[in-house]
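A.B. asks: The structure's right below; bear with me while I get my questions together.
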Amino acid sequence: MTSGAYVQCAFYVVRKSTRVARSERKILESDITMMWNNIAGVLCCVLLFFATTGTAIRCYQCSSDMDSKDEDLCGAYTYFDKERNVPIECNSEESHMPGTFCVKYTEQSPRGFIWDGRWRQVIRRCASVASTGVTGVCNWGVRENGVYWQECYCSEDACNAASGPVSFVTLLLVTCGAVITLTYFK
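FYI, UniProt numbering numbers position 156 of the sequence shown as 156, with every residue one higher than the one before it.
Structure representation (structure tokens):
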């Protein structure tokens with residue numbers, strides 16, 4: 001083989017390897033483009049999954065002192081009826097108070113049993129300020145005049161519908177236990 005043939009053969013090999021490299025580069029570029037498109041698609045799905053709709057929280061809104069004489073719509077003495085009450089969007093015109101979470105506030109007099117004249121008041125509404133924060137648990141106490149109180153803050157739609165009588169039995173037992181403990185261990 002002559003030197004010209006070697007040059008021509010070497011040129012052919014270089015030219016062919018350049019074509020292969022270009023085609024491999026195009027395949028590599030298309031793979032990278034497809035990979036980024038897949039990543040972008042997954043990111044869009046994740047963002048849509050975690051995106052909020054922009055609607056305000058919905059809370060039950062009632063007060064037992066606003067109930068007529070023969071009705072207990074707010075659940076002061078009977079179980080709260082979710083069928084008769086509709087949660088209200090907290091930032092709507094229907095809401096008595098705008099807010100970002102719900103509250104259920106209950107007060108109960110210390111005298112006797114309900115059928116002996118003890119009164120109970122329940123308020124369910126939207127709220128925007130809580131001294132303890134929105135922890136999902138209830139805070140309670142007894143005022144100097146003996147009135148029991150309980151406030152429950154929550155941050156999910158219609159979460160202030162929990163019925164009161166069961167929680168007040170617990171409240172009464174805990175209060176009695178605290179009084180006995182404080183009296184006994186003085």
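Note that the Cβ used here is the ideal one computed from N, Cα and C, for glycine as well.
Suppose the cutoff is 6 Å on Cβ atoms and the five residues either side in sequence are ignored; what does the same chain contact list for Cys159 look like?
C.D. replies: The count along the sequence shown starts at 1 and reaches residue 159 at position 159. Within the same chain, Cys159 has close Cβ partners Cys102.
A.B. asks: Specify whether the stretch 117 to 124 and the stretch 64 to 82 touch according to this definition: at least 3 beta carbon pairs, one from each stretch, less than 8 Å apart.
C.D. replies: Segments in contact, yes.
A.B. asks: Taking all protein chains shown into account, decide if Pro98 is buried (16 or more other Cβ within 10 angstroms of its Cβ) or exposed.
C.D. replies: If you number the sequence shown from 1, residue 98 lands on position 98. By the 10 Å Cβ count, Pro98 comes out exposed.
A.B. asks: Pull up the distance between the alpha-carbon of Cys126 and that of Glu89, whole angstroms please.
C.D. replies: The residue you call residue 126 lines up with position 126 of the sequence shown. The residue you call residue 89 lines up with position 89 of the sequence shown. Going from the Cα of Cys126 to the Cα of Glu89 covers about 9 Å.
A.B. asks: Threshold first: 3 residues or longer. Then list the beta strand (DSSP E) segments lying entirely within the stretch 53 to 119, N to C.
C.D. replies: Within the stretch 53 to 119, the complete beta strand (DSSP E) runs of at least 3 residues are 101 to 108.
A.B. asks: Since Ser109 contacts Val147 with CB under 8 Å, what's their CB separation in whole angstroms?
C.D. replies: Position 109 of the sequence shown, counted from the first residue, corresponds to residue 109. Position 147 of the sequence shown, counted from the first residue, corresponds to residue 147. Going by Cβ atoms, the distance from Ser109 to Val147 rounds to 6 Å, so yes, they are a contact pair.
A.B. asks: Just verifying my parser: in three-state terms, what is the DSSP assignment at Ala161?
C.D. replies: Here residue 161 refers to the residue found at position 161 when the sequence shown is read from its first residue. Reduced to three states, the DSSP call for Ala161 is helix.
A.B. asks: Express the C-alpha separation of Lys104 and Cys138 in angstroms, rounding to a whole number.
C.D. replies: On the sequence shown, position 138 is the one that residue 138 refers to. On the sequence shown, position 104 is the one that residue 104 refers to. Cys138 and Lys104: Cα-Cα distance of roughly 9 Å.
A.B. asks: Would you kindly work out how many angstroms separate the C-alpha atoms of Ser155 and Asn91, rounded to a whole number?
C.D. replies: As a working mapping, residue 155 is identified with position 155 in the sequence shown. As a working mapping, residue 91 is identified with position 91 in the sequence shown. Rounded to the nearest angstrom, the two C-alpha atoms are 14 Å apart.
A.B. asks: Would you tell me roughly how many angstroms separate the C-alpha atoms of Trp140 and Glu93, rounded to the nearest one?
C.D. replies: The residue labelled residue 140 in the question sits at position 140 within the sequence shown. The residue labelled residue 93 in the question sits at position 93 within the sequence shown. Rounded to the nearest angstrom, the two C-alpha atoms are 31 Å apart.
A.B. asks: State the beta-bridge partners of Val122 as determined by DSSP.
C.D. replies: On the sequence shown, residue 122 is found 122 positions in, with the first residue counted as 1. DSSP lists Thr106 as partners of Val122.
A.B. asks: DSSP puts Cys141 in a beta bridge; with which residues?
C.D. replies: Against the sequence shown, residue 141 aligns to sequence position 141. The amino acid at residue 141 is misidentified as Cys; the sequence shows Gly. Beta-bridge pairing links Gly141 to Trp149.
A.B. asks: Do Ser95 and Gln61 count as a contact pair if the criterion is CB distance below 8 Å?
C.D. replies: Position 61 of the sequence shown, counting from 1, holds the residue named residue 61. Position 95 of the sequence shown, counting from 1, holds the residue named residue 95. For Gln61 and Ser95, yes; Cβs fall inside 8 Å.
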